[in-house]
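Line by line, the protein sequences are chains A and B.
Just so we're aligned, residue 650 is where the first sequence starts under the working numbering, counting upward by one.
Just so we're aligned, residue -10 is where the second sequence starts under the working numbering, counting upward by one.
Positions of the beta carbon are idealized from the N, C-alpha and C atoms, including for glycine.
In this text the structure is predicted, and so the values were computed from the model without any measurement.
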Amino acid sequence: METAAELAALPDEDLMLLVANGLVEKPASELFRRHNRALFNFIAWQCQGDTAQAEDIAQRTWEKLMTRCADYQPQAAFRSFLFQIARNQWLDLRRSPAESRRAELDETRPETPTDDLTPEAELALRQNLAQVHQALLALPENQREVVVLRFFGEMSLEEIAHTVGEGFETVKSRLRYAFARLRRELEAPS
Amino acid sequence: MSEAFERFLQGEDRLARLLCALPAYTPSAEFDAAFARAAHAAQAARVAPGAIQSASAAAPTVSPGPLALAAARIAAAPSAFEPPASLEANFLKLAARIESAQAPRRAALLAGIGHGDSPQAMLGAAIQPATEEWLRAQALTASPTPAATPASPDRQRSFLGFRCFDLRLAAVAGILAVVGTQLALLLIDRPDAPQLAEQDSFQTALAPAEAAKRINPAGNAERSLGEAPAALKQTPAATSPERQDELRLATREAAAASVALKKSAAGAAAPHALLADAADGPRPASASPPLATVAPADRAAVAATLPAAAQLPASKTARPGIRSRDTADETPADTRAAAPDPPAAPAMSAAAEPPEKAAASAFSGALKEEAPPRARAIDDVARREAKQLQHSVRAAAALATTPGEPRQPILAAAPGAAAAPAAMPRQRTTESSLSVTLADDPARVASRLPARPAGAVWAVYSTHARRPELDRWLENLRQQIPASGRPARFEVIEDDTSTDPTHLRIVPPALPERR
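Take a look at the structure:
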């Protein structure tokens, strides 16, 4: 369709403005087509592979996006806005405040590696990606979250900070902790 | 911060490459089914199969933002988790529902753009030129079908060129006009009660003077009082509206006459009683004191009527249709007039007898011929009023009696007077003349005149009968009288009892007797 093709050329923020001004169906469908896959993947990682819960959270996220679109500020990146909604939905459904506090308290201060993985270690891990997958799932939620957003959502640190509602340094710190934990888990003798 | 971590953040180290290679995650069987359904639904939902690829290819040429490129890259890259098709189907349903709910907002936006407004101004934010073009295209496609878009509020409210607000205003104005007209008609139909009472008291006060000049003095009073209710009773439904109005006015006049007599008696007994009576309601000072405006000769006649006026309670009890003022004021005048009256025959037969005897017989006759409940009720009222007014009646009679003349044994002559006051011989309302001057307003005088059948000949007494100004004034007065009671002419009679050339005395004709 001509309209769908034209809409595919428009930026996310303009499409979101159209949704906020009553032009809902086609622009929102275009946004859905662009971002639902990454969104669902992010939620699924956060749900540790529970796709049913991820689907529920994703549906709530899109519904909230279209019904609460007046909250959207054109200056903000649309993806940050969308993932923020999804994250809040996930937090509401998934975690209790006690769990959230425990996740923060469980953070250890591992020593940050100063060098890269050896080529041999990389080759061995490529042959056993399930170990990488398990190591990622084993990360604390707040660390896994920033890793997923950084490497699967392709978000910058600023976008991640905006999405999770934390400061830039906090996001960077969580990434550093995740990096150290992953290196430790993956370099440990199996 | 270590260099390794910096390279990790940039996605350049080996760990980052391993993470990006993670789609090696093995999906479950359920996930495979969901993915298959999602792919099928996505294929069906997309109108053009190559839309995504063409859009992705065209995006860099229009606005190849880094985020759009990243999104396209994410969409193209394999993922560990795929959204199910039901998610998209639910999303499309939800989007369609919200789309219909946002129709007014969308219509307003497209209408504004269609009228030439800037899309950026309408959206309130800066947008890409491609977005502006797309919005203008949507406005153009929406404008040729105005029926599909909701009408503006003004057009919705308009009907045949008038707004609903105007129609509502007109409806309210119409209702107010109808109510106002009915109220005005009602007020016109009901003359001011105090004013009517004053007029009749004035006329009644003058009546003895007229009675002294006429042959039939007092016996006709009771008869005339009984005429109107009797006429109403004789022809309750067959009379014409004009006739009914006439009879109603006559009844009202008779009631007012009895009230005036009562006031006259009370005024003779104690002058302050008139003041107290005047406090019952607002009354214009120019029309209030009847005695003050009466000629000296008439004043003597008024004094002569006081003994008769002292018999008012008996009169009231003898004619239940004419009630006391206190009780009559509780009901509307029309209700009083429309109330069935006792047969007039006993009262009229009693008129031929001496006053006190006639009153007693009229009262007893009325009681006999009336239905028992109503008669008892009237009897009770009469007894109460008789007791209340007995003292003032005696005082008034004593004051009105000429010194040396034996007092009339009013109450003593009436059998059972202690239980029921005797009837009072009333002055004929036909003799209730009206004294005016040529300086008076004919319209005001006409409003004070009693009602008489149309086409009658009225008598006017004046010192100088043949005067053009008198004829003009009388003609003007005749025109001011309603057509239902307008006299055929005024018969001017020379009267030398008054020295004032402008003074007139208008005497209405007698009402036709009914038996």
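**Message:** Quick check on DSSP: helix, strand or coil for E480 (chain B)?
**Reply:** Stepping through the second sequence from its first residue, residue 480 (chain B) is reached at position 491. It is a strand residue.
**Request:** Report the residue from B:P73, B:V481, B:P476, B:P471 whose alpha carbon sits nearest the alpha carbon of I177 (chain B).
**Result:** In the second sequence, counting from the first residue as 1, residue 177 (chain B) sits at position 188. The option with the nearest alpha carbon to I177 (chain B) is B:P471.
**Message:** Between which two residues does the alpha helix (DSSP H) holding A677 (chain A) run?
**Reply:** Residue numbering aside, residue 677 (chain A) sits at position 28 when the first sequence is read from its first letter. 674 to 695 is the extent of the alpha helix (DSSP H) around A677 (chain A).
**Request:** Spell out whether any CB of chain B is found under 9 angstroms from the CB atom of L788 (chain A).
**Result:** Counted from its first residue, the first sequence places residue 788 (chain A) at position 139. Closer than 9 angstroms: no.
**Item:** Near-chain A residues of the stretch 99 to 120 of chain B - C-beta to any C-beta below 7 angstroms
**Value:** Flagged, chain order: L112, A114, I116, Q117, A119, T120.
**Message:** Do L659 (chain A) and A119 (chain B) count as a contact pair if the criterion is CB distance below 9 angstroms?
**Reply:** The sequence position of residue 119 (chain B) within the second sequence is 130, counting from 1. The sequence position of residue 659 (chain A) within the first sequence is 10, counting from 1. Yes, they are a contact pair.
**Reduced DSSP category for A735 (chain A) - H, G, I as helix; E, B as strand; rest coil** = Within the first sequence, the letter at position 86 stands for residue 735 (chain A). Helix.
**Message:** 9 angstroms is my cut-off, CB to CB: does R125 (chain B) come that close to chain A?
**Reply:** Residue mapping note: residue 125 (chain B) aligns to position 136 of the second sequence, counting from 1. R125 (chain B) does not count as touching chain A.
**Prompt:** What residues in the stretch 701 to 712 of chain A bring their beta carbon closer than 7 angstroms to a beta carbon of chain B?
**Reply:** A703, E704, A707, Q708, W711, E712
**Request:** Could you tell me which chain A residues have their CB closer than 9 angstroms to the CB of E(-5) (chain B), listed as they occur along the chain?
**Result:** The residue given as residue -5 (chain B) occupies position 6 in the second sequence. Going along chain A, no residue has its Cβ under 9 angstroms from E(-5) (chain B), so there is no contact; the nearest lies around 10 angstroms.
**Under 9 angstroms by beta carbon: chain A residues contacting L(-2) (chain B)** = Mapped onto the second sequence, residue -2 (chain B) falls at position 9. Those are R799, L806, K821, L824, R825, F828, listed as they occur along chain A.
**Asked** If we cut at 9 angstroms on Cβ distances, does A810 (chain A) have a partner in chain B?
**Response** As a working note, residue 810 (chain A) is residue 161 in the first sequence. Taking Cβ atoms only, chain B never reaches closer than 9 angstroms to A810 (chain A), which makes this a no.
**Item:** Within chain B, the residues that A677 (chain A) reaches when beta carbons sit closer than 7 angstroms
**Value:** For the purposes of this step, residue 677 (chain A) is taken as the residue at position 28 of the first sequence. Within chain B, the residues near A677 (chain A) are A84.
**Asked** With 16 as the cutoff for other CB atoms within 10 Å, does E458 (chain B) come out buried or exposed?
**Response** Position 469 of the second sequence, counted from the start, is the residue given in the question as residue 458 (chain B). Label assigned to E458 (chain B): exposed.
**Request:** Assuming V813 (chain A) contacts E794 (chain A) (C-beta within less than 8 angstroms), just tell me the rounded distance between them.
**Result:** The residue labelled residue 813 (chain A) in the question sits at position 164 within the first sequence. The residue labelled residue 794 (chain A) in the question sits at position 145 within the first sequence. V813 (chain A) to E794 (chain A), Cβ: 6 angstroms. Contact.
**Cβ neighbours of L806 (chain A) in the same chain (closer than 7 angstroms, five flanking residues each side left out)** = For this step, residue 806 (chain A) is matched to residue 157 along the first sequence. Contacts found: F817, V820, K821.
**Cβ-Cβ separation, L656 (chain A) to E679 (chain A) (assumed contact under 8 angstroms), whole Å** = For the purposes of this step, residue 679 (chain A) is taken as the residue at position 30 of the first sequence. For the purposes of this step, residue 656 (chain A) is taken as the residue at position 7 of the first sequence. Contact flag correct, Cβ pair sits at about 4 angstroms.
**Prompt:** In whole angstroms, what separates the C-alpha of P789 (chain A) from that of C696 (chain A)?
**Reply:** As a position in the first sequence, residue 789 (chain A) is number 140, starting the count at 1. As a position in the first sequence, residue 696 (chain A) is number 47, starting the count at 1. Approximately 12 angstroms, taken between the alpha carbons.
**Item:** Proximal chain D residues relative to F817 (chain A), where beta-carbon distance stays under 8 angstroms
**Value:** The chain labelled as chain D is not found among the protein chains of the depicted structure, namely A and B.
**Request:** Could you tell me which residues DSSP pairs with H492 (chain B) in its beta bridges?
**Result:** The residue labelled residue 492 (chain B) in the question sits at position 503 within the second sequence. According to DSSP, H492 (chain B) bridges with B:T426.
**Item:** Pair within 9 angstroms by beta-carbon distance, S(-9) (chain B) and P762 (chain A)
**Value:** Indexing the second sequence from 1 puts residue -9 (chain B) at position 2. Indexing the first sequence from 1 puts residue 762 (chain A) at position 113. Yes. Within cutoff.
**Message:** Quick check on DSSP: helix, strand or coil for S451 (chain B)?
**Reply:** By 1-based counting over the second sequence, the position of residue 451 (chain B) is 462. Strand at S451 (chain B).
**Item:** Within chain A, partners of A131 (chain B) - CB distance below 9 angstroms
**Value:** As a position in the second sequence, residue 131 (chain B) is number 142, starting the count at 1. Correct list: empty, because the minimum Cβ distance to chain A is about 10 angstroms.
**Asked** What in chain A is Cβ-close to A5 (chain B), meaning under 8 angstroms?
**Response** Taking the first residue of the second sequence as 1, we reach residue 5 (chain B) at position 16. Going along chain A in sequence order, the residues near A5 (chain B) (Cβ under 8 angstroms) are F800.
**Prompt:** Pick from A:A687, A:A837, A:V796: whose alpha carbon is nearest that of L774 (chain A)?
**Reply:** As a position in the first sequence, residue 774 (chain A) is number 125, starting the count at 1. That would be A:A837, whose Cα lies nearest to the Cα of L774 (chain A).
**Message:** Which residues in chain B have a C-beta closer than 7 angstroms to the C-beta of L831 (chain A)? List them in chain order.
**Reply:** On the first sequence, position 182 is the one that residue 831 (chain A) refers to. The answer, in chain order, is L4.
**Proximity to D663 (chain A) [Cα-Cα], best of A:D699, A:F691, A:N690, A:Q724** = Walking along the first sequence from the start, residue 663 (chain A) turns up at place 14. Here the closest residue by C-alpha is A:Q724.
**Request:** Return yes when the C-beta of L666 (chain A) is under 8 angstroms from any heavy atom of the ligand MG, and no when it is not.
**Result:** In terms of ligand content, the structure shown is empty, and the ligand MG therefore cannot be addressed.
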